[in-house]
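Numbering (the working numbering), first residue to last: 108 to 225.
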């Protein structure tokens, strides 16, 4: 499984929703998953195939049904890869917030000074 496959798989809102359904509700057959989407079953099966190929879901037979289950390990790997970037952006946004707060404080001071002059 390549990281690019996982990123490509989760790039689709439909596939992210499928992962969320499997996370919340556990293993489900394609028929039950299809109830949550406005698309034909073959299209949904294609999305499940992409997730399966990326290693994000596993398929097993249960009688005549195929049950799909979430396989979270690739998501953990993706999260580990993203963590330094998340930290980077959190620090940048914190710096921006500090800068904006400082400008707000300066703006309030000059407004208060204007009120006293008037």
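All residues carry an ideal CB built from backbone N, CA and C; glycine is no exception.
Computed from a predicted structure; not experimentally measured.
Could you spell out where the beta strand (DSSP E) holding residue i opens and where it closes?
i: residue 177; result: 172-177
Can you tell me which of the three DSSP states residue i falls into?
i: residue 246; result: In the structure as shown, the chain starts at 108 and stops at 225, and residue 246 therefore has no counterpart that could be examined.
i: residue 134; result: coil
i: residue 168; result: strand
i: residue 146; result: coil
i: residue 161; result: coil
i: residue 119; result: coil
Going by alpha carbons, who is nearest to residue i out of the options?
i: residue 117; options: 149, 164, 193, 135; result: 164
i: residue 155; options: 168, 137, 195; result: 137
i: residue 119; options: 207, 149, 153; result: 153
i: residue 134; options: 176, 213, 186, 200; result: 176
Suppose the cutoff is 7 Å on Cβ atoms and the five residues either side in sequence are ignored; what does the same chain contact list for residue i look like?
i: residue 151; result: 137, 140, 141, 144
i: residue 172; result: 136
i: residue 123; result: 117
i: residue 112; result: 160, 161
Once the 5 residues before and after residue i are set aside, which same chain residues still bring their CB inside 6 Å of it?
i: residue 149; result: none
i: residue 121; result: 154
Confirm the yes/no value for this check: CB of residue i, any heavy atom of the ligand PLP, distance under 7 Å.
i: residue 190; result: Ligands displayed in this structure: none; no statement on the ligand PLP is therefore possible.
Looking only at its own chain, which residues have a Cβ that is under 8 Å from the Cβ of residue i, when we skip the five neighbours before and after it?
i: residue 181; result: 108, 113, 161, 162, 163
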